[in-house]
Amino acid sequence: MKRITSIALAVSLALMLAPIAQAQDDAKKVEKGQAVFAAQHCSMCHAIAGKGNPKTPLDTVGSTLKPEEIRKYVTSPKDVKADSKMKAYPALPAEDLDALVAYLSTLKKK
-1 MKRITSIALA
9 VSLALMLAPI
19 AQAQDDAKKV
29 EKGQAVFAAQ
39 HCSMCHAIAG
49 KGNPKTPLDT
59 VGSTLKPEEI
69 RKYVTSPKDV
79 KADSKMKAYP
89 ALPAEDLDAL
99 VAYLSTLKKK
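Anchor point for the sequence shown: position 38 equals 36 in our numbering, and the numbering is continuous, going up by one each time.
Encoded structure:
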């Protein structure tokens, strides 16, 4: 009986801690996405929170586009919008692309 109780307690604890671990992973991914945004010099063409090129702000892109749409826009913008002047990033490493999409997805209307 003690063993069953111990197992149940361990499972319950794991289930309670899983969302915390996921939130920490998500925060790290968003932080890495900010670093990718900076490393790729995205602010040359885009602005966030008033920093960067004001012609194409991204402050609400997470409210406007779904993550898969952001991903498509980053990798092949002309497939999304034929007259897009945005540079395509098809060779961005998958981990960097995932992080950038996670970061941009957090940019929503307040």
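Think of the CB as a built atom: it goes at the ideal place given N, C-alpha and C, for glycine as much as any other residue.
Computed from a prediction, not measured in an experiment: that's the story for all the values here.
*Kindly indicate which three-state DSSP category P91 falls into: helix, strand or coil?*
coil
*May I ask you to list the residues that DSSP assigns as paired with A45?*
G50, P55
*asked:* Does chain C have any CB closer than 8 angstroms to the CB of A37?
replied: Of the protein chains in the structure, only one exists, and it is not chain C.
*Figure out for me which residue from R1, I68, A86, K106 has the closest Cα to the Cα of K76.*
A86
_Can you give me the C-alpha to C-alpha distance between T73 and L63, rounded to a whole angstrom?_
14 angstroms
*asked:* Assuming contact is defined by CB atoms lying nearer than 8 angstroms, are T54 and H44 in contact in what I supplied?
replied: yes
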